[in-house]
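Top line first, the protein sequences correspond to chains C and U.
Reminder that position 444 of the first sequence reads as 444 in my numbering, one-by-one numbering, no gaps.
Reminder that position 131 of the second sequence reads as 131 in my numbering, one-by-one numbering, no gaps.
Note that beta-carbon positions come from the ideal geometry of N, C-alpha and C, so glycine has one too.
Everything below concerns the one structure shown next.
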Amino acid sequence: MNFEELKDKADQEWNLLNDSPLPVIRVGTAMCGHASGAFRVIEELKSILSEKKIDAIIEEVGCLGLCYAEPLIDIKKQGQSRLFFNNVTTDSINTIVEEYLINNKIDTTSTLGYLGSEGPNFNEPDLNSLPGIALQERIALRNAGHTSPGDILQYIANGGYGGLHKALSSMEPSDVIDEVKNSGLRGRGGAAFPTGVKWSFLVGSSNPTKYILCNCEEGDPGAFNDKGILESDPHTLLEGLLIAGYATGASNGIVFIRHGHNGPINRTEEAIKQAKELGILGKNIFGSGFDFDIEVSLTGESYVAGEETALMEAVEGKRSMPRYRPPFPAAFGVWGKPSNINNVKSLSYTPEIVSKGAEWFSSIGVNKSTGTAIVCLSGDVNKPGLYEVPMGLTLKQVIDDLGGGMKEHQTLKLLQTGGPLGGVLGPDSTDIHIDFDEMRAAGAIFGSGGIIVGSNEVCAVDLTRILVAFCQFESCGKCFPCRLGMEHLLEIVERISNFESQDGDMDLMKSVGGTMEAGSLCGHGQLGFGPIRSAIPHFEKDFRSHIEDGICPTGSCNNPKIVPKNTRPYAQDFVVGVKND
Amino acid sequence: MTEKINLTIDGKEIQAQPGSMIIQAAMDNGMYIPYLCYYPGMKPYGACRMCVVKAEAPTPDGSYRSLPGSPASCTTPISEGMRVETNTDELISLRKGIMELLISEHPHGCLNCHRIDLCGPTDVCLRHVTVNDRCVTCPKNERCELKDTVRYMEMELTTPLTYNNRHLPLEVKDPFWDMDMNLCIVCSRCVRACDEVRVDQAITLKERSGRSIIGTSKGISLLESGCEFCGACIDVCPTGAIVERDYKWDKAEVKTTTTCPHCPVGCQTSLDINKRNKLIRSIPVREAEANQGMTCFKGKFGLDYANNRNRIKTPLIKKNGELVEASWPEALDLVASKLSQFKGNSYSLISSDRGTNEDHFIAQKFTRQIMQSNNIDFSSNTNSEIFDNLSSMIGHSSATNTIWNLLKTDLFVIVSSNITEQHNVLGVPIKQAISKGSKAIIIDPRETELSRFADHWIKPNINTEHILIGGIIRSIIDQSLENHDFASKSCENFDEFRSSVWDFDLSRVSKETGVSQEEIQDLAKTISESTATSFLYSLDTISSEIKESTSTAIIDLALLTGNVENPGSGIYPLFTGPNEQGARDMGCVPNFGPGYSHISETGIGLGELDNACQTGDIKALHIIGNQASISSESGQKIKNALDKVEFLVVHESFENEFTAKADVVFPSSLFAEKDGTFTNLERRIHKVNPALGNKFDEDEDWRILCQLATRMGANNFNYSNSEEVFKELSPFLLSTNDINFQKISQSGQIYSVKRKLKFKPINISLNLNSISSDEFPMILTRGRILEESKSDAKIQLINDKNSITRNEIIELNSQDALNNNILEGDSIKIIGDNFELSGIAHLNGINSGIVSTTQLFGSIIEKVQEHKTEDPMLHFDQLNLIPVRIEKPE
């Protein structure tokens, strides 16, 4: 089947679904929906429907990003707009069925809004007018929440694989790379390296076997956008990988997902299966002579496995510890073959960049940060969620407009951005724009997009301690400065948070941190001092108060401490008699 | 010669090999950059960050571009014009910062104390260092790389960081090893040596972050983790974390490099001798070309018998049926006068396979000139069939290429050899090459360590290997896959040979060998497609009647495919005696003289000796023994014939069954007391040095023989030292006149030989006298491997030592099982002559008539450890085929 026939078939099915005489019930079943009970709601819904003998189509879709509203379901009746119900429970689903499906009248306070050209069903607001959504510009997440990730035809009907088709049918590989270069797309994994330039490294190699790897390790606490994309719309990543493969001449793609992220793993594997069945993966794709194959590779639980060379070790089945560079992956990657590693988000933009052109993409965003930022907002805000907004929003907009402001009676104290290795910003930072370079200059990084908002009830020392504990626990144990330095940093921060600090602890931290920054093998060790270094200038008062007065200003250090398992050096097993398991 | 790269390190202009790393370039030019995880010869790792440098490289426009950060010099390749600084203030303080972190978990109380080499472990410390934190209680005190680095860096060690000793219990339950993980700095050298160099992966990094530490996967014993007890991890450990248990605390007073006496690889090992003149450690020499820093359990832990004081200390003479001590003149006079009566063919001498070239040369000279007999042989010459046709087919009976040339091999064809046990270090390049993508064809009914590396593991019917190889040759010729130019132009006799292989009809070959025709064709294709093939064979499992045919077939196959001396290809006949090559070169055999010279009459060799003793043809027997040879098959045979001999002279170091029956016993020197030369399987002449010197009244065998000869009237046996003997023997080694005895380095010296390649038709005859009999109708093939992932082996503590206990799994053919009324999982018993084994039956598709078991290598190590003051070869069970019958206990 060629692409046009495929597209026709997909369009037909999609129209059939949208014009279905049966009500179409879409349930958000990505991570946050799952966590808040979406699958229990589906089960309950099915049993109610069968009990009441109502025919309906239930679609498991991805995530609209409104985590605070999960479980979120929407119901579309023939000829009407989609009506969204938020925070549905197994109890309230009965009311919804009863009132909306059967009696067609409903108390609009339980609805979030409508979506569709048919206008409001009752007097509920347009979903797109909600402040959290109005600011959004969804590119990578364009299908999330709207199509079923388990159905490739829905993706195709919504323009999916059009970019790939365009590239294969009318563009040379070098054109594709130029397009990506011109779009100004920068890697969303953390380092913000221009994606097009990275791809071009792989082109020069004459090795017939080359790999494009996609990194979905995503171990940062507070980051869930990669998983979100894979769970909501895995085909956009596959299309991105295919385009990258075509542009660079690679023969294989590997999607590297952390073991345990079952939703993304299952949906990606299912998507690969479907794409293979339709000939979108495999030999001679769309009759162009281009061959490409994608597989999923898993690793054990290791944060460092997200580091590109450690990731390659993990793909090869070894202990995920970083390699030294040079040689760089583009020369010596997985199995010694030239490889190129991209983040899920970076790859997911490329189908739209190819479809709509570099100019369109670069018109979004500010300065050298083009396109959108996929923000994972969490912490002490009213409306945490996954928001895709154009680059250039201020952090104030993020907190107030996307996040719906701070929780009641709380004021902003800190922002933790870019994962634990990123940095901490103080309350005076709200005018900073989401821009790779501006945030870096402010001592934080945008990184993978996680923004954790801390209120005045958060103790900066305790937060630092938790971040340091994370970095210590996740050190792979290879290079000496990181393995030993993190252990000492944690020990000192713990001393401070336990009001047991010793003279010169602050200087000691700085000297250990300096050794780690200059001496470590990979980014984990080089940035491992980051949480402390960026916290001290903003919250020196908090530290001083712990050290000098023995008082925690927020009182949270007086509570029992959360400590990750196995972070202690061996010696302490014996001292406190904790058995190591 | 590739062009060298010019660069500047600390202002000094140097030249280095392209592709080397900065640290290697510095070391090659005599400059030191501190390092802990780097180890020459292993891949760089970049973990310790001690070797950080500042480097800048020139750009095309003439300016210099700094490399970002402080790159580790072990992972940064050099480039033309590079400028490197190794000791800026910034680097020094970074290094000190890292070292302070490192020291915070390593005992360091003594590290910068001026008394570190003076204190004893029990001295009162004026600096109040607790006993556990003292370097003087560390087994590696005098040879600790961490200490050397700290002292080089002139550290003050006044860091405010807390000291976290790990307080881990010592691991002392495995054989030979002590592991104190509190001393480990997690440099992973041992893990890398085990993985990269030895390709065993027996040890690994466990846990992560601050808890990462060396151990075995799941904490299992080394006995079952795949450890081959080679000690490579011990040799690379920079601290006292992994050490040899024996003489752990002893310090070396003297270090002497010598040749290991256990196998023909000829590993060069540096023997540490303590102040009580005991051999305490054996450390393989990295610069030696034969072993390149490798050794095996025998060379590492099997030399302690040299310290055994339970020796034969003086000559012994049998009086009234009892051996009594005698003086040297008394014993020599007696033997000289007695032997004078047995001149001629009633005298026979068996030289030791551990004898030096000098011993062998004098032994044959004594036998031929003084005793006028050709009845001379050496004790391990039981496999001579595989050598006899070498000189006629390839010009010289020795391997055609070097050991480490195997690294370049693309395809290994290994026939009936247990290389990793018999010639362990030879297995190292093989395993390394295979781990980098080379292929292996193993033809062996037994499961050996190399079987798991094999792409094709072929188990033909017993004693049909020559037919199988003939079939492969036939298939190659049928498909015209041979290297025709080489075979027809460089070798003689090709046409005749080609017409002789028509006997090897594939259907017949397939029927006889039990290997399918497709598989034979596949093998033929694989072998002929490989660009560099090495053939290795020791033919352990093959009956002596067909050994010659088999080795002929292998050499023919090598000639046919043109794999003789090119890089990566070669023919490697594998013998067992450590200086067997030398014995042959010296003519210490009944059928030729020194330098393979022709002799008029062939004497009685080892094979016919027991018969000749029984019939009375041999009346006087002169055995230059060594412990291990009596446990061999031939040793057992001769032992039974000793009573018939009228006069028996034995040279021996320890009492054994031979000395008990001897009329005169001469105390003989051990390897560590000898001065002479060994020739290894590559024809590499190595020095054997007297590391221990004479301990008692023993003497070297050649000196004893010379004294006898002189007493018997000879005047050409006057040598004052072994160098003079070497001078006399060296003309017999082609082109070795230029070898200076004193200057043979630890890399030895290979003497070259002339090649003459000639095909020889293969004898297809089947071995009709099968080794099985009516009483024992089945054949047991025993395998031994390093680890069994699915075994039910359990480790139990016996006397506080780990020990393997398990139910053997006995594999047998389903039809055979049916005939014997055996079901899967039944307990059965295997009974042979002097042999019994119980186990659980497992029915699978092995050939009918064969039963097989596979044990863990660890179980043999337990045995060697148990008898560690004895020659390990005495306790080393060769994996011969054993005729057995199966019984099912009621």
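In the DSSP assignment, find the unbroken beta strand (DSSP E) run with residue i in it and report its ends.
i                      : result
residue 784 of chain U : 778 to 785
residue 572 of chain U : 570 to 573
residue 416 of chain C : 412 to 417
residue 268 of chain U : 268 to 273
residue 215 of chain U : 213 to 215
residue 456 of chain U : 456 to 458
Mind listing the chain C neighbours of residue i? Cutoff is C-beta to C-beta under 8 angstroms, in chain order.
i                     : result
residue 53 of chain U : The contacting residues do not exist; residue 53 of chain U stays about 12 angstroms from chain C at best.
Residue i versus chain U: which residues are under 8 angstroms apart at the beta carbon?
i                      : result
residue 508 of chain C : 160 and 161
Do you know offhand how far residue i's Cα is from residue j's?
i                      : j                      : result
residue 54 of chain C  : residue 82 of chain C  : 18 angstroms
residue 8 of chain U   : residue 155 of chain U : 27 angstroms
residue 799 of chain U : residue 173 of chain U : 9 angstroms
residue 831 of chain U : residue 853 of chain U : 13 angstroms
residue 451 of chain C : residue 162 of chain C : 33 angstroms
residue 70 of chain U  : residue 36 of chain U  : 17 angstroms
residue 81 of chain U  : residue 202 of chain C : 27 angstroms
residue 125 of chain C : residue 427 of chain C : 33 angstroms
residue 246 of chain U : residue 315 of chain U : 31 angstroms
residue 667 of chain U : residue 39 of chain U  : 43 angstroms
residue 411 of chain C : residue 74 of chain C  : 34 angstroms
residue 577 of chain C : residue 407 of chain C : Unreliable placement is indicated for residue 577 of chain C, whose pLDDT of 35 sits below 50; no coordinate value is reported for it.
residue 882 of chain U : residue 730 of chain U : 42 angstroms
Residue i versus chain U: which residues are under 7 angstroms apart at the beta carbon?
i                      : result
residue 473 of chain C : 209
residue 480 of chain C : 47, 48, 49, 98, 101 and 102
residue 518 of chain C : 69, 70 and 94
By the 10 Å Cβ neighbour count, where 16 or more other Cβ atoms means buried, how is residue i classified, buried or exposed?
i                      : result
residue 502 of chain U : exposed
residue 64 of chain U  : exposed
residue 297 of chain U : buried
residue 275 of chain U : exposed
residue 136 of chain C : buried
residue 335 of chain C : exposed
residue 227 of chain C : buried
What span of residues does the alpha helix (DSSP H) with residue i cover, start to end?
i                      : result
residue 582 of chain C : Limits of chain C in this structure are 1 at one end and 581 at the other, which puts residue 582 of chain C out of reach.
residue 312 of chain C : 308 to 315
residue 531 of chain C : 530 to 544
residue 19 of chain C  : Element bounds for residue 19 of chain C: n/a, residue is neither H nor E.
Taking Cβ-Cβ distances shorter than 9 angstroms, what residues in chain U pair up with residue i?
i                      : result
residue 198 of chain C : Ordered by position in chain U, no residue passes the 9 angstroms Cβ test against residue 198 of chain C, which lies about 17 angstroms from the chain.
residue 521 of chain C : 46, 47, 49, 72 and 75
Identify the contact partners of residue i in chain C, using a Cβ-Cβ distance below 7 angstroms as the criterion.
i                      : result
residue 216 of chain U : Here the premise fails: no neighbours, minimum Cβ distance about 14 angstroms.
residue 238 of chain U : The premise fails here: residue 238 of chain U is roughly 13 angstroms from chain C at the closest Cβ pair, so nothing lies under 7 angstroms.
Chain-ordered residues of the stretch 196 to 212 of chain U with a beta carbon less than 8 angstroms from chain C: Cβ contacts with chain C come from 204, 205, 207, 208, 209, 210, 211 and 212.
Taking beta-carbon pairs under 7 angstroms, can you tell me which members of the stretch 88 to 115 of chain U lie near chain C? Listed by position along the chain: 94, 97, 98, 101, 102, 104 and 105.
For the stretch 83 to 102 of chain C, which residues have a CB atom closer than 8 angstroms to at least one CB atom of chain U, in sequence order? Flagged: no residues at all.
Note down, in chain order, all residues in the stretch 31 to 62 of chain U with a beta-carbon under 7 angstroms from any beta-carbon belonging to chain C. When CB distances to chain C are screened at a threshold of 7 angstroms, the residues of the stretch 31 to 62 of chain U falling below it are 44, 46, 47, 48, 49 and 52, in chain order.
For the stretch 478 to 503 of chain C, which residues have a beta carbon sitting closer than 7 angstroms to at least one beta carbon of chain U? Answer set for the stretch 478 to 503 of chain C: 478, 479, 480, 481, 483, 484, 485, 486, 487, 488 and 491.
Residues of the stretch 127 to 146 of chain U with Cβ closer than 9 angstroms to any Cβ of chain C, in chain order: Against chain C - using a Cβ distance shorter than 9 angstroms - the stretch 127 to 146 of chain U contributes no residues.
Could you please tell me which residues of the stretch 232 to 260 of chain C, in chain order, have their CB closer than 7 angstroms to any CB of chain U? Listed by position, the residues of the stretch 232 to 260 of chain C near chain U (Cβ gap below 7 angstroms) amount to none.
Chain-ordered residues of the stretch 175 to 190 of chain U with a beta carbon less than 8 angstroms from chain C: Residues 185, 186 and 188.
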